[in-house]
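Q: Take this structure, written in C-alpha cells, and hold onto it; I'll ask about it next.
Protein chains: 4
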Amino acid sequence: MSKKLWQSGQQSPDKRVERYTVGDDYLVDQELLPYDLQASKAHGAMLYKQGLLSEDEWNALEAGLLYIRTLWEENRFEIRPEQEDGHTAIEQYLTEKYGSVGRKIHTGRSRNDQALTMLRLYMRDKLETLGAQIVSLAGVFRTAAQAHAGQAMPGYTHMQRAMPTTVGVWLGAFADALEDQAGMLPALKSIIDQSPLGSASGFGIANFEADRAYTARLMGFGRVQENPIYCANSRGMFENTVLHTWAPVMLICGRFANDMLLFTSAEYGFFSLPEAFTTGSSIMPQKRNYDLFEVMRANVRRFLHAQRSIEDMVAALYSGYQRDLQWSKKPFIQAVSLLEDTLDLLIHVLPELRVHPEKLQAAMSDDIFLTEKVYELVKQGHAFRDAYAMVKQKYFGDNA
Amino acid sequence: MSKKLWQSGQQSPDKRVERYTVGDDYLVDQELLPYDLQASKAHGAMLYKQGLLSEDEWNALEAGLLYIRTLWEENRFEIRPEQEDGHTAIEQYLTEKYGSVGRKIHTGRSRNDQALTMLRLYMRDKLETLGAQIVSLAGVFRTAAQAHAGQAMPGYTHMQRAMPTTVGVWLGAFADALEDQAGMLPALKSIIDQSPLGSASGFGIANFEADRAYTARLMGFGRVQENPIYCANSRGMFENTVLHTWAPVMLICGRFANDMLLFTSAEYGFFSLPEAFTTGSSIMPQKRNYDLFEVMRANVRRFLHAQRSIEDMVAALYSGYQRDLQWSKKPFIQAVSLLEDTLDLLIHVLPELRVHPEKLQAAMSDDIFLTEKVYELVKQGHAFRDAYAMVKQKYFGDNA
Amino acid sequence: MSKKLWQSGQQSPDKRVERYTVGDDYLVDQELLPYDLQASKAHGAMLYKQGLLSEDEWNALEAGLLYIRTLWEENRFEIRPEQEDGHTAIEQYLTEKYGSVGRKIHTGRSRNDQALTMLRLYMRDKLETLGAQIVSLAGVFRTAAQAHAGQAMPGYTHMQRAMPTTVGVWLGAFADALEDQAGMLPALKSIIDQSPLGSASGFGIANFEADRAYTARLMGFGRVQENPIYCANSRGMFENTVLHTWAPVMLICGRFANDMLLFTSAEYGFFSLPEAFTTGSSIMPQKRNYDLFEVMRANVRRFLHAQRSIEDMVAALYSGYQRDLQWSKKPFIQAVSLLEDTLDLLIHVLPELRVHPEKLQAAMSDDIFLTEKVYELVKQGHAFRDAYAMVKQKYFGDNA
Amino acid sequence: MSKKLWQSGQQSPDKRVERYTVGDDYLVDQELLPYDLQASKAHGAMLYKQGLLSEDEWNALEAGLLYIRTLWEENRFEIRPEQEDGHTAIEQYLTEKYGSVGRKIHTGRSRNDQALTMLRLYMRDKLETLGAQIVSLAGVFRTAAQAHAGQAMPGYTHMQRAMPTTVGVWLGAFADALEDQAGMLPALKSIIDQSPLGSASGFGIANFEADRAYTARLMGFGRVQENPIYCANSRGMFENTVLHTWAPVMLICGRFANDMLLFTSAEYGFFSLPEAFTTGSSIMPQKRNYDLFEVMRANVRRFLHAQRSIEDMVAALYSGYQRDLQWSKKPFIQAVSLLEDTLDLLIHVLPELRVHPEKLQAAMSDDIFLTEKVYELVKQGHAFRDAYAMVKQKYFGDNA
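Right, dumping it as C-alpha cells:
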C-alpha cells in the first residue's frame, strides 16, 4: 500500500483529483528512468562524500540503482500511477529492498531537482545524436545532388513553371539548409550543458550545502547552473529553447515532403520510390501512395504543436515550479522522437530516389526559356525593361 | 502472417516506412473500435438487404461483430501494429473465423468510409454526454453562487482591487457563461448528425449503389451527407468544428482555475479546499498545493493545441483523403477526454469550496469604496468628471 | 494640452510607458468610433431619462455625437495617441465644444463598458453581413456546380488519381460545407445579442442604478447581460467564440484555394481564370500566376493566428478587466476583414471559372476505372476481397 | 498612370484581385526601403563593373538612390498601393527622373532577389542592435540583483510559499537567463550573414552571370549564399529561424512581467514603481495599475503569434517563391519591434524598482522555515525521510 512521499497522516488523497493531476505522466517517466538513475547515482556519491551516507549505504545505493536499471532494461521495473512519478518509484524501491539508504537518498534534493537533472541529461544525449543525424542527412542530400547534378528540371514559382534548373540544385538546397542549421547546435549545447542538480525546489536549502560542482563533474556537465531560481525557471524554458532551435530542421524535412508529394503525382511524375516504400488502397487496386511524405507533412505540424504546447504553458507561469510543467515532458519527448524518426527515414529513403528524365524533360516547356530570350536582347544592348516588353509583345501580343 | 488489405503480390512493405506511417495510430483505433463495429453492422445489414450477403453470411456477421465487441470489452481484442488499423483487424478476424463474410464485408465501402463513420458516431455520442456535463456544471456554479450570494468580496481590474462585489456574482458569472455556450450545441449537432457511410473513398463507386438512407437510419442519423467529396473533406474539418465549439467551455474552466490559484494563495486566502484535494511536497512539510488547478490551467493549453494541431494539418490539404488525416484522431480523442475530465472534476470539487469571510473582509480596503464617494457628489449635483477630480484631490492630493 | 481621464494631479505619465502601453490601439478605435457613438447615445438617453442630464445637455449631446459622426465620415475626427482611446477623444471633444454634458457623459459607466458595448455592436453587425456573404458564396458554388455537373474529372486521394468524379460534385462539396456552417450563426447570434452596457468596470456601481434594460432596448439588443463580472469576462472571450465559429468557413475557402493552385498548374491545367485575375513576373515574360489563391492560402493562416492570438491572451487572464485585452481588438477586426474580403473575392471570381474539358479528360487515365472492374466481378458473384485480388493480379501481376 | 512591372499589354488587372493580393504590404515596404536602396546600389555597382551600365548611368543611379533615401527620411517618398511594392516604386521613380538607368536596373535580378536581400540586410542590422540590448538588459538585472542581494523574500512553488530566498537571487535568475540566450546570437549571425543577391527568382538566370561575390562584399556579407533554390527557400525560413532564436528572450521578459503583476498587487505589495509608470482608472480615483506589465504579458503572445504566423505559412509551401511569403514581412517586422520595445522598456524601468522590505518580511511566515527544521534533524543523524515525517507530525499532527 503505497503512500505519497509528502503524505504522513491518515487522510488519503481524493481519487479523482489524483487521477486528474497524475494523468499518464508516470508513463513518461518510465522512458526517462535511466537518466533519473544516473542523476541519483551522482547525488548519492555526493552524500557519501559528505558523510551523509555510510559506506554500506553507498554500496547498497550503487547496487540498487544498477539493479533497477537492469530491471528497466528487461521491462520489469514498472512505475505505478499511484506512485505519481519515477522519483517516488525509485525511492520506494530502494527503501523496500535496501533499507535506510532509501530513506536518505532524498537528502538535499527535491523532485523538481530530479526532474530537471534527468531532463537535462536526456537533452544533452539527444543533442549529440540528433546533431549527428542532421549532418548525416545533409550528406545524403549532397550525394544525391551530385548524382543528379546534370539532370535538367523546371524551377517553379507561384506553383507555375518559371525557369530551368537541375535536380542537383534542387537537392543541394536541402543539403545547404541542413548544414547551416547544424551550425546552431554547439551554441545550444553550451546552454544545455550546465547542471541544475542541487537547486532543490528552486531555492537551495538554507542549512544544507550540496557540493554541486562535484555532482556536475560526475555527470560530465561543463558547469554548474548556479542560481537556483534560474534552475527552476529553466524547466520548460530549456525544452522550448531546444525545440525552437530544432524546428527549422523539421521544416526543411517538411519542405522536401511537400515537394515530393507534388513531384510524385501522376501529373508531374518526376520522381518515384520503389514499391516497398509506398502503400496501396483497400479498394482501388491501382493505387501507389506516398504515405510516408503525407505522414511527414503531418509530423511537421505535430512537432510544432509539441513545441508550442510547451511554450504556451511556460509563458503563463510565474517564477518557481508549478505543476503545469509536468505536461512539458510528454510533448518534449514526442517532439524529439518525431524529429529522430523523420531524419532517420529520410536517410534511409533518399538513396532510393528514382529520377524520371523523360517526365522532367517533357515539363521543360518552351515558355521557361523566354527569360533567356530577354537576355539575348540585353546582350544586344537593349535596356532590360525594354527587352522584357519586346519579348512579351512578341510572344503574347496584345494579350500580354 | 498478416498481409495488408491492399497487398496481393509478394513484396513486403519496407519496415521503417511502415513503422513511420502507422505510428501509434492502431492504439487509437483500439479505443474507437465499438463505433467501427456499429458502422460495420449497419453496412452489413445493407449488403444483406441488397442480396450481397446470404442469410447465413449475415447471421455470421452479426454474431462475429457481437463477439468482437465482447472480446473488446474484456480487453481481449487487440489490434496489432502490422494490421495498421482497426478496420483491417476486424476484416481479418471475420475472415479467419467466419470465412466468406469476411471477404465480402468491404464490398461497397472503403477504410475512409469506416473511419469517417466511426468518428461521426463517436462525436455524436460525445456531443450528448458533454452537453449534459456542461449543463450540470453550470448548475453546480449556480448553486454555489446562491450559497454565497451575500458574501462581500473585492472585485479586481488590472490585478488590483477595484470595487466591491460578492462571491455570488463572481461564481454566477461562470454559470451564465456555461449556459450561453451550451446554447451552441444543438446547432453543432445538426451539422454532425449526418451519415457519411457509403461515400467510399470520397467519390462513391461508379457501379455500386449503396442504400445510404438505409444505413443512416439504422445508425440513427438525422440525414445522409449526400456529396461524397464533402464527406471526405469533412474528415478533420468536423473534428475541428466540434473542438472550435467546445474551446470556449474549456476556457471558462481555465479562467476559474486561474482565479482559484490566485485566491487560494497565502496572500489572498479567500478560498480553500479540503486537504484531500490538495497535494504536498517531497521536501517541504508545510506545503498544501492546489495542483488540480495548475493541471487544469495546463490542460486548457493542451486542449487548444489538440484543436490547433488538427486544424493546421487540415488547412494544408487538398480535396480528398490524405494520410495526414490519420493524425487527427489522436488529438481529437485526447481533447475530448481533457474536456470531459475537467468538467467532471469541477462538478466534483466545486461543492467542496470553502469560503473564508475574514480574509475576504480584510481585503475590502477603504480605497475600493472611493467610487461610491464620487457618486455621492454626483447625487449632490456635481458633474461626474468634477466629482471624480474632487475625490481624487481630497484623498491623493497633488500626487494624484 | 490633453490630460488623461484618470489624471488629476501634476505628474505626467512616463512617455515610454505611455508609448508602450498605448501602441497603435488608438488607430483601432478610429475604426470602431461609430459604434462607440451609438452606445454613447443610448447611455446619454438613459442619463436624461434618469434626470442626470438636463434637456439642454441631452440636446447638446445628441447634436455632439451626430457631429462627431459626421466629422468621422469625412475623416476629420482624429484620435490622438496621447488620448489613449476613442472613449477619451469623444469625452474631451464634448467637453471642449459642449461644456457640462462632456463632464457628465461618463456618469455611471466606465471605459471598459464602452469598449465592451462598442465591440458587441460591431460583432452584431458583422454577424449579419458575414452571414449573408456565406449564404451568397454557397449559392455561387451551387450555381457553378450545376453548370459543370456533367463534366468528368478524376478524384484524388493521397494526391494520386483515385476514381472518377465530376466537376459538379467537387464544387458542390463547397456549397454543402458552407451551408452547414451557416447553420451555426443563429446560435452564435443569440450569445452575442445581449447588452453589456451598465456593467461599469465589471462590478456595477454600488450607489448608481443604471437602467440597463432601457439602453439595451435603445440599441436593439435582445436582452441584458445581467452579471457584470460575466460582462467583463466576456471581453475577448466573445471575440474568440465568434472567430471559433467562423474559422471553419475560412478553412473551406482555403481548401478551395489549395485545390485551385494545384488544378491551375501547368501539369494539371484543369481550370483557369481570365488574365485580369492573374499576375505576371517582373522578369519572366511568360508567367501567369494565381496570386489570389496564394494570398488566400496565406490569409487562412493569418485569420487563424488572429483568433489564436486573442485566445492565448484571454486564457492567461483572471476574472475582471486586464489591459492585455486591449490587444484583442486589432486581431479581431483584422480577422473579420480577412474573412469578409475572402468571401467577397470568391463571390466575384467564381463565376469566371474556366473549365478545360480536354485537360480533365486526359487525366482520366485507365487506372482510375479499375475499381469498376472489381465490382463487375462482385456482380458475377465473387467475394469483394477475392475480386480485388484478381484485378490486382491481372493488371499488376507479381509486382502487385 | 502606373503600370505593373510585369504588364505590357492593354488589359488592366482586376481591381478586387489587386486589392486582395497587395493588401497593406506596400506600407511594410515603406519601412524597409533603405535596405532596398542599399541592395540596389550594390547591384548597380556590379552592373557598372560588368559594363551593363555606362558611367553616366551609374552616376545617375547613385545620385538617384541617394535622393530617394533623402526623400524617404523626410517622409516624402511614398509607395502607392497600385505600385504593389517598394521595388516597383524605386524602379519607376528612377525611370521617370533618370531615364535609361531605371529601365536597366532590374537587369540580372528579380523582385524576389530584392526582397530577400533587403530583408537579409534588415535582419543583420537587428541582430546587432538587439544583441546589444539583450546584453544591456542582463546588466541592468545584474545591477538590481546586487543592490538587493541581502533582502529576504519568500520563494514560491505551486503559487504557494515554499522556502526563503532573496530579491537578489530572484533578479539574478533573469540576468543569467538573458546571458545564456545571448550566447546563441553569434551562431545565428553566421547563418544570416550570407548574401542572396543574384539568385534571381530562385534559379539564377541561364545566360547572365552576376558577380555575386562582388555584391556580397559591397554589402559587407561574410559569404555568398550559393545555391539559388536555397536562397529562395530561405525566404520566410530565415525569418522563422531568427524569431525562434529570439523567442526565449521574449519569454524571459514575460516571466518577469508575470512576477511583477503578482508582486505589485495589494495582496503581495513586495514591489512598486513610481506613479509616472502606472496608470489610473476613468472612474475609480484610487487605482494605480501596472498596465506596462499587462501589455508586456500580452506582447509575449503577440510576438509568438507573429513567429508562428510566419512558420505556418512557410510550412505549407513548396520549393521556390510563392506569394504567401509576402505575408511574412509584416509579422516579422512587428515581432522585431515588440522585442525591441520590450527590452528598451525594461532597461528604462528596472532601475526604478522600489522594494518594500516590510511587506517582504511579513510574507516570510514560519512555515517556510520548516524544511530547515527537517535538516536540523538530519544533522542529528536522522534519515531524511524520517526527519521529514517527524516535522510533519509535530506541526500538523494527524491532519498531515
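Residue numbers (my numbering), protein chains in the order written: chain A, 1 to 400; chain B, 1001 to 1400; chain C, 2001 to 2400; chain D, 3001 to 3400.
The beta-carbon is built from N, C-alpha and C at its ideal position, and this holds for glycine as well.
By the DSSP assignment, the beta strand (DSSP E) with A/Thr157 in it spans what residues?
A: What you label residue 157 of chain A is simply residue 157 of the first sequence in a count that begins at 1. Run containing A/Thr157: Ala152 to Thr157, per the beta strand (DSSP E) assignment.
Q: If I'm right that B/Phe1203 touches C/Pro2164 with Cβ under 8 angstroms, what's the distance once you round it to whole angstroms?
A: The sequence position of residue 1203 of chain B within the second sequence is 203, counting from 1. The sequence position of residue 2164 of chain C within the third sequence is 164, counting from 1. Contact holds; Cβ gap of about 7 angstroms.
Q: Could you tell me whether the Cβ atoms of C/Ala2038 and C/Gly2086 are closer together than 8 angstroms?
A: Within the third sequence, numbered from 1, the residue matching residue 2038 of chain C stands at position 38. Within the third sequence, numbered from 1, the residue matching residue 2086 of chain C stands at position 86. The sequence shown places Gln at residue 2038 of chain C, rather than the Ala named in the question. Contact flag unset, no.
Q: In angstroms, rounded to a whole number, what distance separates the CA positions of D/Leu3292 and A/Ala257?
A: On the fourth sequence, position 292 is the one that residue 3292 of chain D refers to. On the first sequence, position 257 is the one that residue 257 of chain A refers to. One C-alpha to the other measures close to 44 angstroms.
Q: Hey, out of C/Leu2116, C/Thr2070 and C/Gln2380, whose CA is closest to C/Leu2230's CA?
A: The count along the third sequence starts at 1 and reaches residue 2230 of chain C at position 230. Per the sequence presented here, residue 2230 of chain C reads as Tyr, with Leu not at that position. Among C/Leu2116, C/Thr2070 and C/Gln2380, the Cα nearest to that of C/Tyr2230 is on C/Leu2116.
Q: By how many angstroms is the C-alpha of C/Ala2045 removed from the C-alpha of B/Ala1383?
A: In the second sequence, counting from the first residue as 1, residue 1383 of chain B sits at position 383. In the third sequence, counting from the first residue as 1, residue 2045 of chain C sits at position 45. The alpha-carbon atoms of B/Ala1383 and C/Ala2045 are separated by roughly 16 angstroms.
Q: Note down, in chain order, every chain B residue with its Cβ under 7 angstroms from the Cβ of A/Asp291.
A: Your numbering for residue 291 of chain A matches position 291 in the first sequence. Neighbours of A/Asp291 on chain B, chain order: Thr1021 and Arg1323.
Q: Would you identify the three-state DSSP class for A/Gln160, choosing helix, strand or coil?
A: The residue labelled residue 160 of chain A in the question sits at position 160 within the first sequence. Three-state result, A/Gln160: strand.
Q: Between A/Ser40, A/Ala147, A/Phe396 and A/Leu61, which lies nearest to C/Glu2275 when the distance is taken from Cα to Cα?
A: Here the question's residue 2275 of chain C lines up with position 275 in the third sequence. Ranking A/Ser40, A/Ala147, A/Phe396 and A/Leu61 by Cα distance to C/Glu2275 puts A/Phe396 first.
Q: To the nearest angstrom, how far is it from the Cα of D/Pro3034 to the Cα of D/Leu3027?
A: Translated into positions along the fourth sequence, residue 3034 of chain D becomes position 34. Translated into positions along the fourth sequence, residue 3027 of chain D becomes position 27. If I take the Cα positions, the gap works out to 13 angstroms.
Q: Buried or exposed: which applies to C/Gly2064, given that a residue is buried once 16 or more other Cβ atoms fall within 10 Å of its Cβ?
A: If you number the third sequence from 1, residue 2064 of chain C lands on position 64. With 16 or more other Cβ atoms within 10 Å, it is buried.
Q: Just by C-beta distance, which residues in the segment 1072–1084 of chain B are closer than 7 angstroms to chain A?
A: Against chain A - using a Cβ distance shorter than 7 angstroms - the segment 1072–1084 of chain B contributes no residues.
Q: Does D/Asn3059 come within less than 8 angstroms of chain A when only Cβ atoms are used?
A: Here residue 3059 of chain D refers to the residue found at position 59 of the fourth sequence. It does not; no Cβ of chain A falls within 8 angstroms.
Q: Anything in chain D within Cβ reach of A/His305, meaning under 9 angstroms, just list it in chain order.
A: If you number the first sequence from 1, residue 305 of chain A lands on position 305. Per Cβ cutoff of 9 angstroms: no residues; A/His305 is ~10 angstroms from chain D at best.
Q: Going straight from the alpha carbon of B/Phe1369 to that of A/Val336, what length do you get?
A: Your numbering for residue 1369 of chain B matches position 369 in the second sequence. Your numbering for residue 336 of chain A matches position 336 in the first sequence. One C-alpha to the other measures close to 55 angstroms.
Q: Give me the Cβ distance between D/Tyr3098 and D/Ala3138, rounded to the nearest whole Å; I'm assuming they're in contact under 8 angstroms.
A: Taking the fourth sequence and counting its residues from 1, one reaches residue 3098 of chain D at position 98. Taking the fourth sequence and counting its residues from 1, one reaches residue 3138 of chain D at position 138. About 48 angstroms; that fails the 8 angstroms criterion.
Q: Are B/Leu1273 and B/Val1378 closer than 8 angstroms when you measure CB to CB?
A: Stepping through the second sequence from its first residue, residue 1273 of chain B is reached at position 273. Stepping through the second sequence from its first residue, residue 1378 of chain B is reached at position 378. No, they are not a contact pair.
Q: In whole angstroms, what is the alpha-carbon distance linking C/Ala2363 and C/Phe2174?
A: For the purposes of this step, residue 2363 of chain C is taken as the residue at position 363 of the third sequence. For the purposes of this step, residue 2174 of chain C is taken as the residue at position 174 of the third sequence. Rounded to the nearest angstrom, the two C-alpha atoms are 22 angstroms apart.
Q: Under 8 angstroms, Cβ to Cβ, is there at least one residue of chain D near B/Glu1372?
A: Position 372 of the second sequence holds residue 1372 of chain B. By this cut-off, B/Glu1372 is not an interface position.
Q: Interface residues of chain D around C/Lys2004 at Cβ under 9 angstroms?
A: Mapped onto the third sequence, residue 2004 of chain C falls at position 4. Within chain D, the residues near C/Lys2004 are Thr3279, Gly3280 and Ser3282.
Q: So what does D/Ile3205 bridge to, in DSSP terms?
A: Counted from its first residue, the fourth sequence places residue 3205 of chain D at position 205. BP columns for D/Ile3205 point to D/Phe3208.
Q: Just the C-alpha distance for D/His3043 and D/Gly3222, rounded to the nearest angstrom, thanks.
A: In the fourth sequence, residue 3043 of chain D corresponds to position 43, counting from 1. In the fourth sequence, residue 3222 of chain D corresponds to position 222, counting from 1. Rounded to the nearest angstrom, the two C-alpha atoms are 17 angstroms apart.
Q: Assuming D/Leu3119 contacts D/Leu3185 under a Cβ cut-off of 8 angstroms, what Cβ separation, rounded to an integer in Å, is found between them?
A: Against the fourth sequence, residue 3119 of chain D aligns to sequence position 119. Against the fourth sequence, residue 3185 of chain D aligns to sequence position 185. In fact, because the Cβ distance is near 18 angstroms, the residues do not count as touching under 8 angstroms.
Q: Using the three-state DSSP reduction, which class does C/Ser2272 fall into: helix, strand or coil?
A: By 1-based counting over the third sequence, the position of residue 2272 of chain C is 272. Here C/Ser2272 sits in strand by DSSP.
Q: Using a Cβ-Cβ cut-off of less than 7 angstroms, give me the residues of the segment 325–353 of chain A that come near chain D, in sequence order.
A: Here the close residues number zero.
Q: Below 8 angstroms, can you find three or more Cβ-Cβ pairs linking the segment 3229–3248 of chain D to the segment 3186–3200 of chain D?
A: The segment 3229–3248 of chain D is in contact with the segment 3186–3200 of chain D.
Q: With DSSP as the reference, label D/Ser3309 as helix, strand or coil.
A: Numbered from 1 along the fourth sequence, position 309 holds the residue referred to as residue 3309 of chain D. Here D/Ser3309 sits in helix by DSSP.
Q: Assign C/Asp2259 to one of two classes, buried (16 or more other C-beta atoms within 10 Å of its C-beta) or exposed (fewer than that).
A: Here residue 2259 of chain C corresponds to residue number 259 of the third sequence, with the count starting at 1. So C/Asp2259 ends up on the buried side.
Q: Figure out for me which residue from B/Ser1195, B/Ala1177 and B/Phe1263 has the closest Cα to the Cα of C/Gln2225.
A: The sequence position of residue 2225 of chain C within the third sequence is 225, counting from 1. Of the listed residues, the one whose Cα sits closest to C/Gln2225 is B/Ala1177.
Q: If you follow the alpha helix (DSSP H) that B/Phe1263 is in, where does it begin and where does it stop?
A: Within the second sequence, the letter at position 263 stands for residue 1263 of chain B. Run containing B/Phe1263: Pro1228 to Phe1263, per the alpha helix (DSSP H) assignment.
Q: Measuring CB to CB, does C/Tyr2318 end up less than 8 angstroms from B/Leu1066?
A: Within the third sequence, residue 2318 of chain C is the residue found at index 318, counting from 1. Within the second sequence, residue 1066 of chain B is the residue found at index 66, counting from 1. No; because the gap between Cβ atoms is not below 8 angstroms, this pair is not in contact.
Q: My output table needs one value for C/His2117: the three-state DSSP class, helix, strand or coil.
A: The residue given as residue 2117 of chain C occupies position 117 in the third sequence. Per the sequence shown, residue 2117 of chain C should be read as Thr rather than His. It is helical.
Q: Anything in chain A within Cβ reach of C/Ser2265, meaning under 7 angstroms, just list it in chain order.
A: As a working mapping, residue 2265 of chain C is identified with position 265 in the third sequence. The answer, in chain order, is Met159 and Gln160.
Q: What is the DSSP secondary structure of D/Arg3194, counted as helix, strand or coil?
A: Translated into positions along the fourth sequence, residue 3194 of chain D becomes position 194. Note that residue 3194 of chain D is Gln in the sequence shown, not Arg. Three-state result, D/Gln3194: strand.
Q: Let me see if you follow: with CB-CB separation under 8 angstroms, is C/Ala2383 close to chain D or not?
A: Along the third sequence, read from residue 1 onward, the residue named residue 2383 of chain C stands at position 383. No, because no Cβ of chain D sits closer than 8 angstroms to the Cβ of C/Ala2383.
Q: Any contact between the segment 2307–2317 of chain C and the segment 3301–3310 of chain D? By contact I mean 3 or more CB pairs, one from each, below 8 angstroms.
A: Yes: at least three Cβ pairs fall under 8 angstroms.
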